[in-house]
Amino acid sequence: PSPHRALCRSRASDLGPMLGRADRYRLLVIGDAFQAHGATYGSKRVGTFGQVGCFSFYPTKNLGAYGDGGMVLTDNLEIAERVRLLCNYGQSDRYHAVAEGLNSRLDELQAAVLRVKLRYLDRWNALRRQWADLYSSLLEGVEVPFLASGREHIFHLYVVKSKARNRLAAYLEEQGVPALVHYPIPVHLQVAYQHLGYREGDFPVSEACAQEVLSLPIFPEMREEEVAYVADLIRKFYQEEI
Ligand SMILES: Cc1ncc(COP(=O)(O)O)c(C=O)c1O
Numbered sequence: 001p002s003p004h005r006a007l008c009r010s011r012a013s014d015l016g017p018m019l020g021r022a023d024r025y026r027l028l029v030i031g032d033a034f035q036a037h038g039a040t041y042g043s044k045r046v047g048t049f050g051q052v053g054c055f056s057f058y059p060t061k062n063l064g065a066y067g068d069g070g071m072v073l074t075d076n077l078e079i080a081e082r083v084r085l086l087c088n089y090g091q092s093d094r095y096h097a098v099a100e101g102l103n104s105r106l107d108e109l110q111a112a113v114l115r116v117k118l119r120y121l122d123r124w125n126a127l128r129r130q131w132a133d134l135y136s137s138l139l140e141g142v143e144v145p146f147l148a149s150g151r152e153h154i155f156h157l158y159v160v161k162s163k164a165r166n167r168l169a170a171y172l173e174e175q176g177v178p179a180l181v182h183y184p185i186p187v188h189l190q191v192a193y194q195h196l197g198y199r200e201g202d203f204p205v206s207e208a209c210a211q212e213v214l215s216l217p218i219f220p221e222m223r224e225e226e227v228a229y230v231a232d233l234i235r236k237f238y239q240e241e242i
């Protein structure tokens, strides 16, 4: 598909060719699966490709704790040891710091919440897929997410594209429907990365996406009428636009 097709978060990118290239050049692959708990590529879940997979359990994620949390997956013992060290002050044992580390352990309370919620993840993801399918069948006027074959999406977000994105977002807001932009400023234009010397125009696809993407409400507990209501509002918006 063209890179201009609607962004589809919460799914695996085209991992096959990337893993092949990494293998050829002996590169480590670190997968950011922060928004894709349970998504699959072929028969495997994301986070299990490459040498390291990372997840966020921030409360809004498909598998969210009641506070901040995260997880690193690896089957490499050396990396596992290093990660354990780094998230515990860089200490090899009590009071002996051998690396500059962090205080970023997953606390027991969050782990207990996640252990229970994990049982529901597949069910919740299936419901998200159901609402995404319904949106895609009802929506008119906006570009809906493209579903690549051989991958299962978990729709952390349901992102559409519209040339009239700002007006559409304002219209939905007026009608009491929260629709958010993920994200309005691409990385290369963030103040934090100005030292890299990129300018507007350097990444035209990212820049166009930042202008056009809109995340519509999606969550497992949504009801059919709510999805239809949002789709209906969007249809009305385009009728009034013309
Ligand atoms: C793709 C991606 N990577 C990394 C992060 C950072 O996650 P956390 O806030 O748990 O550190 C996020 C959070 O939204 C994310 O969406």
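Residue numbers (full-length UniProt numbering): 1 to 242.
Think of the CB as a built atom: it goes at the ideal place given N, C-alpha and C, for glycine as much as any other residue.
As the structure is a computational prediction, the values presented were derived from the model and not from experiment.
CB contact flag (residue i, residue j, <8 angstroms)
i	j	result
VAL181	ALA192	no
VAL144	SER136	yes
ARG235	GLU174	no
GLY90	VAL83	no
Residue i versus residue j - alpha carbon distance
i	j	result
CYS8	VAL187	Below a pLDDT of 50, predicted positions are generally treated as unreliable, and CYS8, at 41, falls in that range; no measurement from the model is reported.
LEU27	PHE49	13 angstroms
ASP232	ILE185	29 angstroms
GLY21	ASN76	The sequence given here has Arg at residue 21, not Gly. For ARG21 and ASN76, the distance between alpha carbons rounds to 20 angstroms.
GLN239	PRO217	21 angstroms
GLU100	GLU81	14 angstroms
ASN88	GLU224	45 angstroms
VAL29	VAL72	13 angstroms
LEU102	ILE79	16 angstroms
CYS54	TYR229	36 angstroms
LYS161	PHE146	11 angstroms
ARG151	THR74	22 angstroms
PRO1	SER92	The predicted position of PRO1 is uncertain, since its pLDDT is 37 and thus under 50; a value taken from the coordinates is nonetheless stated next. In a straight line, the C-alpha of PRO1 is about 48 angstroms away from that of SER92.
LEU172	ALA208	21 angstroms
GLY47	GLY67	21 angstroms
Neighbour-count burial assignment, residue i, 16 or more Cβ in a 10 Å radius
i	result
GLY69	buried
PRO59	exposed
SER215	buried
PHE155	buried
VAL205	exposed
HIS4	Low confidence applies here, because HIS4 scores a pLDDT of 36, under 50, leaving its location unreliable; read the following figure in that light. The residue in question, HIS4, is exposed, as its Cβ has fewer than 16 Cβ neighbours within 10 Å.
Proximity to residue i [Cα-Cα], best of the options
i	options	result
SER13	GLU207, TYR158, ARG129, ALA148	ALA148
LEU114	GLU152, LEU102, HIS37	HIS37
GLY179	TYR25, ASP202, VAL227, LEU196	Here the sequence assigns Ala to residue 179, which means Gly is not the residue at that position. When only C-alpha atoms are compared, the closest one is VAL227.
GLN110	TYR25, PHE57, TYR198	PHE57
ASP133	HIS153, ASP107, ARG119	HIS153
ALA164	SER104, ALA112, GLN211	GLN211
MET222	GLY197, LEU172, TRP131, TYR25	TRP131
Please go through the stretch 157 to 183 and give each complete beta strand (DSSP E) segment of 3 or more residues, from N-terminal end onward. Runs of the beta strand (DSSP E) lying entirely within the stretch 157 to 183 and spanning at least 3 residues, in chain order: 158 to 161.
Counting only runs of 3+ residues fully inside the stretch 9 to 36, write out the beta strand (DSSP E) ranges in chain order. Counting only runs of 3 or more, we get 30 to 32.
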